[in-house]
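A short write-up of the structure that comes next.
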Amino acid sequence: SAQRPRGTASALCKPRRLYISFSDVGWENWIIAPQGYLANYCLGQCPFPLTAELNGTNHAILQTIVHSMDPKATPQPCCVPVRLSPISILYYDNSDNVVLRHYEDMVVDECGC
Amino acid sequence: LSLQESLLLKSLGLSAKPSPKAPIPVPSVLWRIFEQRRTLPAADRAAEDGCSLEEFNVPGNIIRVFADRGHFLHEGQPQGLLCLQKLLYFNLSVLEEDELLTMAQLEVRFSHSSYQPSGQGQLFELRLYQSSPLALQGPSPQGQGRKLLLEQSFAQLHKSLLFNLSTVAKDWRAFGRSLGLVLEISVSSSEAPAGRGLQSPCGSISSFLDTSLLVVSLSPQQCKASRSKR
Chain F
-5 SAQRPRGTAS
5 ALCKPRRLYI
15 SFSDVGWENW
25 IIAPQGYLAN
35 YCLGQCPFPL
45 TAELNGTNHA
55 ILQTIVHSMD
65 PKATPQPCCV
75 PVRLSPISIL
85 YYDNSDNVVL
95 RHYEDMVVDE
105 CGC
Chain H
220 LSLQESLLLK
230 SLGLSAKPSP
240 KAPIPVPSVL
250 WRIFEQRRTL
260 PAADRAAEDG
270 CSLEEFNVPG
280 NIIRVFADRG
290 HFLHEGQPQG
300 LLCLQKLLYF
310 NLSVLEEDEL
320 LTMAQLEVRF
330 SHSSYQPSGQ
340 GQLFELRLYQ
350 SSPLALQGPS
360 PQGQGRKLLL
370 EQSFAQLHKS
380 LLFNLSTVAK
390 DWRAFGRSLG
400 LVLEISVSSS
410 EAPAGRGLQS
420 PCGSISSFLD
430 TSLLVVSLSP
440 QQCKASRSKR
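Protein chains in written order, with my numbering: chain F, -5 to 107; chain H, 220 to 449.
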């Protein structure tokens, strides 16, 4: 269907900018680099009908249909990360060794319903 | 907040928030790898296999550089041909139990190289011994309880020498011990001290700086995503 989902484009499920600064969480004295990174997060609605851009699972498509029929009984599907990428962190451990560690799933690249 | 923080630290593979006391400078090899990864385009970063290290061609997602916590047994004036004797001690117990050690590389660094235009750099002999745990506690791990691991002649033309100690480190870790070694550098027996004129026979070895151990390990906890993709 060419019908656009209800709601404005900005209210739809998509990645939003979130910069995490390690000094904000008090980790600056042991994390060497990066000092922070663009982690992002997912926010927005997953309304009926779910378009391809909203990366909906089959389950989410059915849930939006059921939700449109009875919003009180069934909530809209959640907006969640569907593609994440890794980052590397350079830090000092408790024995003053320098550690470079690769962490999966640290940056939200794409969101979906 | 502290519960949230401890959960987050745990998911990052840390049992508690580190509080470094005497941090060492960040080794250039770690900066280089970090920068290479940081500048990768997002698409390449997402496609990267997080469970292997191309730089060393081994499985792994953690690289640690251990500072040497040993002490000198002999330095300064040469004793015969011996210029330097040092106990090297690396505490491998910081590796988590489920981490798989895949590589260990010892670096012996000098503060400067002594390149000689004639190509006739002074020749030295380096010996590395594995020290027994008992010898590590005593004042001098000389003689008994040590096993020769490697022996190499070198002319000090480079700022550092690298040695693969993967097998030794794996063995020691399997027994739950820290890695104790004895490093000896002596003047090559073919270099007669008398023939070097008034120069000290140990010469440029006085520029010995330090040693460190680079260890690569694989934490299966952070490899789940890649495994399921495969």
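Using N, Cα and C, we set each Cβ at its ideal position, and we do this for glycine too.
Can you tell me whether DSSP reads Cys36/F as helix, strand or coil?
strand
Which of helix, strand or coil does DSSP assign to Lys389/H?
helix
Check each residue of the stretch 66 to 93 of chain F: if its Cβ is closer than 9 Å to any Cβ of chain H, include it; give the result in chain order.
Arg77, Leu78, Ser79, Pro80, Ile81, Ser82, Ile83, Leu84, Tyr85, Tyr86, Asp87, Asn88, Ser89, Asp90, Asn91, Val92 and Val93
For Cys442/H and Glu98/F, what's the separation of their Cα atoms in angstroms?
8 Å
Please work out which residues of its chain come closer than 6 Å, Cβ to Cβ, to Pro246/H, disregarding the five sequence neighbours upstream and downstream, and give them in chain order.
Val284
Verify the CB distance criterion: does His96/F have a CB-CB separation below 7 Å to chain H?
yes
Which bits of chain H does Ala3/F rub up against, with CB to CB less than 8 Å?
What Ala3/F touches in chain H: nothing, since even the nearest Cβ is about 22 Å away.
Does the beta carbon of Arg256/H sit closer than 7 Å to a beta carbon anywhere in chain A?
Absent here is chain A; the protein component of the structure consists of chains F and H.
Give the residues from the stretch 236 to 248 of chain H that approach chain F closer than 8 Å (Cβ to any Cβ), ordered along the chain.
Lys236, Pro237, Ser238, Pro239, Lys240, Ala241, Pro242, Ile243, Val245 and Pro246
Can you list, in chain order, the residues of its chain with a C-beta nearer than 8 Å to that of Leu78/F? Leave out the 5 residues immediately preceding and following it.
Glu98, Asp99, Met100, Val101, Val102 and Asp103
Where the stretch 27 to 56 of chain F meets chain H: residues whose CB sits under 8 Å from a CB there
Ala27 and Pro28
Kindly say whether Arg283/H, judged by its beta-carbon, lies nearer than 7 Å to any beta-carbon of chain F.
yes
Got a sec, what are the start and stop residues for the alpha helix (DSSP H) Asn383/H sits in?
Asn383/H -> not in any alpha helix (DSSP H); beta strand (DSSP E) instead, spanning Ser379 to Asn383.
Distance between beta carbons of Asp263/H and Gln440/H, contact taken as under 8 Å
Contact flag wrong, Cβ pair sits at about 24 Å.
Helix, strand or coil for Ser350/H, going by three-state DSSP, please let me know.
strand
For Pro71/F and Cys40/F, which I take to be in contact (beta-carbon distance under 8 Å), what is that distance rounded to the nearest angstrom?
4 Å
Sequence-distant residues of the same chain with beta carbon closer than 7 Å to Pro360/H, five excluded per side
At Pro360/H the pLDDT is 48, less than 50, meaning the model places this residue with poor confidence; the figure from the coordinates comes in the next sentence. Result list for Pro360/H: Leu306, Ser350, Ala354 and Val401, in chain order.
Closest to Pro65/F by CA distance: which of Phe42/F, Gly106/F, Glu22/F and Ile81/F is it?
Phe42/F
Would Ala(-4)/F count as contacting chain H if we go by Cβ distances under 7 Å?
Unreliable placement is indicated for Ala(-4)/F, whose pLDDT of 47 sits below 50; no coordinate value is reported for it.
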